[in-house]
Structure formats: structure tokens, C-alpha cells
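Q: Be aware that the sequence shown starts at 48, since it is given in my numbering, and climbs by one per residue. The structure is given below, and queries will be raised subsequently.
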Amino acid sequence: MMRDFHYIAVEGVLGVGKTSFAKMLSEDLQAKLVLEQVDNNPFLEKFYKDMGTFALQTQLTFLLNRATQQEPLRQMDLFSSKIVADYLIEKDRIFAYITLNENELNLYEKIYSAVVNEAQLVKPDLVVYLQASIDVLLDRIKKRGRSFEKNVNKDYLYNLSQAYNHFFSNYTGGPLAIVNTDDVDFVNDRRAYKTIKDYILSIKGGINYYTPRQEK
Numbered sequence: 048m049m050r051d052f053h054y055i056a057v058e059g060v061l062g063v064g065k066t067s068f069a070k071m072l073s074e075d076l077q078a079k080l081v082l083e084q085v086d087n088n089p090f091l092e093k094f095y096k097d098m099g100t101f102a103l104q105t106q107l108t109f110l111l112n113r114a115t116q117q118e119p120l121r122q123m124d125l126f127s128s129k130i131v132a133d134y135l136i137e138k139d140r141i142f143a144y145i146t147l148n149e150n151e152l153n154l155y156e157k158i159y160s161a162v163v164n165e166a167q168l169v170k171p172d173l174v175v176y177l178q179a180s181i182d183v184l185l186d187r188i189k190k191r192g193r194s195f196e197k198n199v200n201k202d203y204l205y206n207l208s209q210a211y212n213h214f215f216s217n218y219t220g221g222p223l224a225i226v227n228t229d230d231v232d233f234v235n236d237r238r239a240y241k242t243i244k245d246y247i248l249s250i251k252g253g254i255n256y257y258t259p260r261q262e263k
């Protein structure tokens, strides 16, 4: 039985296909699509070249952009309008804790508390965490060919994936679907996408794990 979720956030490490999935899902559900603003972060390309120098600027820019984007959602009537977003704002801290030093983290946490905790932003009633192995992520990143991602390395992706897995294995914010996408190409295979969509819309609560297989 399909549940009527009003606000769905799709998450995952870069390259997993969360934006593609969010676009497809929003179209199917006739929902407002909220996409993370990646390309307008002026520090991102510099960050991938020199993470130690540009981590704080990159992280704070993302945090402020995400919070600004989320603020208008508070005014929406979620019982008459649906939302699909390709990020969960709470994941901002995942990146902060693997890239910032102690002093930077102290500053970041103060800003995060003022921007996110005190703003009382709307929380999704379903989160979808798309997983993939490091080799699959690297392959997908290479195929999409974003110039600023050419310096993304295996160690960074591994640390990021571990942090994501830890965060979502302890997630208590509401229903969560953890979907391993290693064996399916949901971007180019509509049947694979529909299989995942049908599964996530049927969960009732808690943390749910799913590994779809490519049909032959």
C-alpha cells in the first residue's frame, strides 16, 4: 500500500544519482522540486584542489545556501502541496566533521545552531538514502564529467561514505529508506526506478534496507 508522503528528501554521497532520482520522483508525484545549489558555490572547485585551505568557506557557503532555500518551505501547505528535495539539511554537519579542524568546527557549530536549530525548518516525513560502493561512485562521477569533481579521490569518497553510513544508521528523524544502488541503473532503466519508487512509498516507519536487482 502506497503512503501519501508530503515531503521527501533524497540523500547520498556525490555521484550516487540523488538529483536524478529526485527529479524523476517529483515528476511522478507532481511535487515541487528543491535542488541543492552546488554550481553557485564559488569555493567548491578550490576545495577539491586544496581541502584544508578552503573547507570552512565551502561549508559555510553551503550551509547558508541550504538554509535560505529551506526557509520558504515553512510557508507551504504540505497537505495540499508535495515537496521532493535532493538533500537533507542536517547532512551539512557530515561534511563539516570530516573536513574542518577543531577551531573551524567550533565556529561552524555556532553558526549551524543559529541558522538551522533556531530557524525551525520543515522536516521531511520520508528520507531516502541512496548508497553505492566507492568504485561505482567513482564511475558515475567520471561519466557525468563535472569539471570541478575531477579531483575527487577515493580516500575522500571512502571517508564521506563511512560518515554517511554512520549518520543514517543512527537516524531517528522519521521513516528512512536505505537503498543500495550498486546493481541497478535507475537513471536509464525506468523499471529499476519504479521498483525503488514503489518500495520507498510503501514503508511505514523506522529504518528500512533495500537492495534492488537489475532485471534481465
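No residue lacks a Cβ here, since even glycine has one placed at the ideal position from N, Cα and C.
1) Is it right to say LYS65 is buried, meaning 16 or more other beta carbons lie within 10 angstroms of its own, or is it exposed?
2) Would you check if the region 93–106 and the region 144–159 touch, i.e. whether three or more CB-CB distances between them fall below 8 Å?
3) For GLY59, does the count of other Cβ atoms within 10 angstroms reach 16, so buried, or fall short, so exposed?
4) Let me check one thing: in DSSP terms, what residues is GLU58 bridge-paired to?
5) Check for me: the alpha helix (DSSP H) holding TYR218 runs from which residue to which?
6) According to DSSP, is ASN212 helix, strand or coil?
7) Using three-state DSSP, classify TYR294 as helix, strand or coil.
8) For the beta strand (DSSP E) that LEU223 lies in, which residues bound it at each end?
9) Which stretch, first to last residue, makes up the alpha helix (DSSP H) that contains ILE247?
10) Go through its chain and collect everything with a Cβ distance to ASN206's Cβ below 6 Å, but skip five positions before and after it.
11) So, under 8 Å CB-CB, LYS79 and LYS138 are touching, yes? Tell me the CB distance rounded to an integer number of Å.
12) Should VAL163 and TYR95 be called a contact, given that it needs their Cβ atoms to be closer than 8 Å?
13) Under 8 Å by Cβ, that's how I've got VAL85 and PHE68 pegged, so tell me the actual separation to the nearest angstrom.
14) Using C-beta distances below 6 Å, list every residue in its chain close to VAL183, excluding the 5 sequence neighbours before and after it, in chain order.
15) Over the uninterrupted beta strand (DSSP E) stretch that includes ILE130, give me the two end residues.
16) Measure the CB-CB distance between ILE29 and LEU82 and report whether it falls below 8 Å.
17) With H, G and I counted as helix, E and B as strand and the rest as coil, what does DSSP make of LEU152?
18) Just tell me which of ILE225, PRO171, GLN77, ILE141 has its CA closest to the CA of TYR256.
19) Exposed or buried, what is HIS53 when buried is set at 16 or more other beta-carbons lying within 10 Å of its beta-carbon?
20) Look up LYS170 in the DSSP assignment and say whether it is helix, strand or coil.
A: Well, looking at it:
1) For LYS65, the number of other beta carbons within 10 angstroms of its own is at least 16, and it is reported as buried.
2) Contact annotation: the region 144–159 touches the region 93–106, with at least three C-beta pairs closer than 8 Å.
3) With 16 or more Cβ atoms within 10 Å of its Cβ, GLY59 is classed as buried.
4) For GLU58, which the question treats as bridged, DSSP gives the partners TYR176.
5) From DSSP, TYR218 is part of no alpha helix (DSSP H); its letter is neither H nor E.
6) Per DSSP, reduced to three states, the secondary structure at ASN212 is helical.
7) No information on residue 294 is available, as it lies outside the stretch 48 to 263 that the chain covers here.
8) That run of the beta strand (DSSP E) goes 223–227.
9) ILE247: member of the alpha helix (DSSP H) spanning 237–247, first to last residue.
10) Contacts found: ILE145.
11) No, LYS79 and LYS138 are not in contact; Cβ-Cβ is about 20 Å, not under 8 Å.
12) Going by C-beta atoms, VAL163 is not nearer than 8 Å to TYR95.
13) Not really, about 16 Å apart at Cβ, beyond 8 Å.
14) Close CB contacts of VAL183 within its chain, under the 6 Å cut and outside five residues either way in sequence, are with ASP229 (chain order).
15) Note, ILE130: beta strand (DSSP E), 130–132.
16) Nothing about residue 29 can be read from this structure; the chain reaches only from 48 to 263.
17) Look at LEU152 here: in three-state DSSP terms it is helix.
18) It is ILE225 whose Cα lies nearest to the Cα of TYR256.
19) For HIS53, the number of other beta carbons within 10 angstroms of its own is at least 16, and it is reported as buried.
20) LYS170: coil per DSSP, three-state reduction.
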